[in-house]
Amino acid sequence: MIGETYQFDKSNDGMQYAFASIGPQGVIVKFVMYTWMYDNVYNLGFGDFEQGQVDDAVVSNNEDLVKIMNTIASTLYAFTEHYPGSKVFIEPVDRKRSNLYHHIFRRRIEEIQPLFIVKGLTADGWKDYLPSNRYLAFELERRNNK
Amino acid sequence: MKKPIIHQYPDGSKAELTDENIVAFDAATQATYHALRATEGKAILTNKYYQSLKTIIKHDWMKELQAEQPAMPMNILVAKVVERLPHFIPGDKIVELTKFVVGEWEKHEVEREVGLVK
Numbered sequence: 208m209i210g211e212t213y214q215f216d217k218s219n220d221g222m223q224y225a226f227a228s229i230g231p232q233g234v235i236v237k238f239v240m241y242t243w244m245y246d247n248v249y250n251l252g253f254g255d256f257e258q259g260q261v262d263d264a265v266v267s268n269n270e271d272l273v274k275i276m277n278t279i280a281s282t283l284y285a286f287t288e289h290y291p292g293s294k295v296f297i298e299p300v301d302r303k304r305s306n307l308y309h310h311i312f313r314r315r316i317e318e319i320q321p322l323f324i325v326k327g328l329t330a331d332g333w334k335d336y337l338p339s340n341r342y343l344a345f346e347l348e349r350r351n352n353k
Numbered sequence: 249m250k251k252p253i254i255h256q257y258p259d260g261s262k263a264e265l266t267d268e269n270i271v272a273f274d275a276a277t278q279a280t281y282h283a284l285r286a287t288e289g290k291a292i293l294t295n296k297y298y299q300s301l302k303t304i305i306k307h308d309w310m311k312e313l314q315a316e317q318p319a320m321p322m323n324i325l326v327a328k329v330v331e332r333l334p335h336f337i338p339g340d341k342i343v344e345l346t347k348f349v350v351g352e353w354e355k356h357e358v359e360r361e362v363g364l365v366k
């Protein structure tokens, strides 16, 4: 169960997603993009969409963080449905987001792991995810038929 | 005619959005629709994307190559890394990533010479 999400739009190639965050700061268009990196690995990028650009360092404080993260998780399902066999690379942009992502994985790993194979990147390469460890980045691969 | 954009509701149901029917949707949906149309078919390459490529290069690709051949000559290592980069990376970023690889290779060589790594 992902929890409460925003409705979102999906580009017809399945690589880009947009949704509207609604809160005290008004309506903010959020953009999620999956960009090819190498082999079958795609980078998950996320930010505010303004004047044709995506700002992935902005903090918009629209008091809907959980709903936003849930919506990003929904796009992950949509993307991996569109591109079976793909792996999604997720790297936090700063320390604060690293703490947030680690917190989300730790809290929700029992829901995530039946659906996705989760790995963490360390200074020594990729390792199977363990909640007690810190990682530089994460990689998710949808399990077959899930 | 442009292909429709898929609108997904929180319950998983879907609708097709087109230039013809988008005016019937609320302002927020119109905004997200136009954002996607504005970037259609374009890869959005942010600084964070390049940072992620550097992370992968340093902690995955170079580790693999150095394990395969610890004393791999720099020109070979650079060539092997650059050939794996996405075809749409612009020239200035290929130069930046190449400099990054050379810098990391030099650090690795120093560490190897003093016995910190194999």
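Going down the list, the protein sequences come from chains A and B.
Counting along the first sequence from 1, when you hit position 2 you're at 209 in the numbering used here, and nothing is skipped either side.
Counting along the second sequence from 1, when you hit position 114 you're at 362 in the numbering used here, and nothing is skipped either side.
Even for Gly, the Cβ is constructed at its ideal location relative to N, Cα and C.
Give the DSSP bridge partners of residue i, in chain order.
i	result
residue 317 of chain B	Residue 317 of chain B is not bridged to any residue.
residue 349 of chain A	A/323
residue 264 of chain B	B/254
residue 250 of chain A	A/242, A/296
residue 224 of chain A	A/217, A/239
residue 289 of chain B	None, per the DSSP bridge assignment.
Rounded to the nearest angstrom, what separates residue i and residue j at their Cα positions?
i	j	result
residue 278 of chain A	residue 257 of chain B	11 Å
residue 224 of chain A	residue 352 of chain B	35 Å
residue 295 of chain B	residue 295 of chain A	18 Å
residue 360 of chain B	residue 340 of chain A	27 Å
residue 214 of chain A	residue 277 of chain B	9 Å
residue 306 of chain B	residue 291 of chain A	27 Å
residue 266 of chain B	residue 272 of chain A	30 Å
residue 327 of chain B	residue 301 of chain B	16 Å
residue 322 of chain A	residue 350 of chain A	5 Å
residue 235 of chain A	residue 255 of chain A	7 Å
residue 337 of chain B	residue 309 of chain B	17 Å
residue 250 of chain B	residue 264 of chain B	12 Å
Is residue i close to chain A, meaning its C-beta is less than 8 Å from at least one C-beta of that chain?
i	result
residue 288 of chain B	yes
residue 301 of chain B	yes
residue 314 of chain B	no
residue 258 of chain B	yes
residue 340 of chain B	no
residue 284 of chain B	yes
Only counting the same chain, and skipping five residues up and downstream in sequence, which positions put a Cβ closer than 7 Å to that of residue i?
i	result
residue 342 of chain A	327, 328, 329
residue 231 of chain A	269, 270
residue 270 of chain B	278, 281
residue 274 of chain A	211, 212, 213
residue 263 of chain A	252, 253, 254, 300
residue 346 of chain B	326, 330
residue 282 of chain A	215, 224, 239
In terms of residue numbering, what span does the beta strand (DSSP E) encompassing residue i cover?
i	result
residue 275 of chain B	Note, residue 275 of chain B: premise wrong, no beta strand (DSSP E); alpha helix (DSSP H) at 275 to 286.
residue 354 of chain A	What is shown of chain A runs 208 to 353, which leaves residue 354 of chain A out entirely.
residue 334 of chain A	332 to 335
residue 261 of chain A	260 to 262
So, at 6 Å on beta carbons, what are the nonlocal neighbours of residue i in its own chain, with the 5 sequence-adjacent residues on each side left out?
i	result
residue 243 of chain A	249
residue 280 of chain A	209
By Cβ distance below 8 Å, which residues in the same chain neighbour residue i in space, the five residues on each side in sequence not counted?
i	result
residue 284 of chain B	253
residue 344 of chain B	298
residue 191 of chain B	In the structure displayed, chain B extends from 249 to 366; residue 191 of chain B sits before or after that span and is not available.
Quick one: give me the first and last residue of the alpha helix (DSSP H) that residue i is part of.
i	result
residue 281 of chain A	272 to 289
residue 356 of chain B	339 to 361
residue 327 of chain B	322 to 332
residue 299 of chain B	295 to 304
Determine, using beta carbons only, whether residue i comes closer than 8 Å to chain B.
i	result
residue 245 of chain A	yes
residue 294 of chain A	no
residue 256 of chain A	yes
residue 335 of chain A	no
residue 189 of chain A	In the structure displayed, chain A extends from 208 to 353; residue 189 of chain A sits before or after that span and is not available.
residue 298 of chain A	yes
residue 271 of chain A	no
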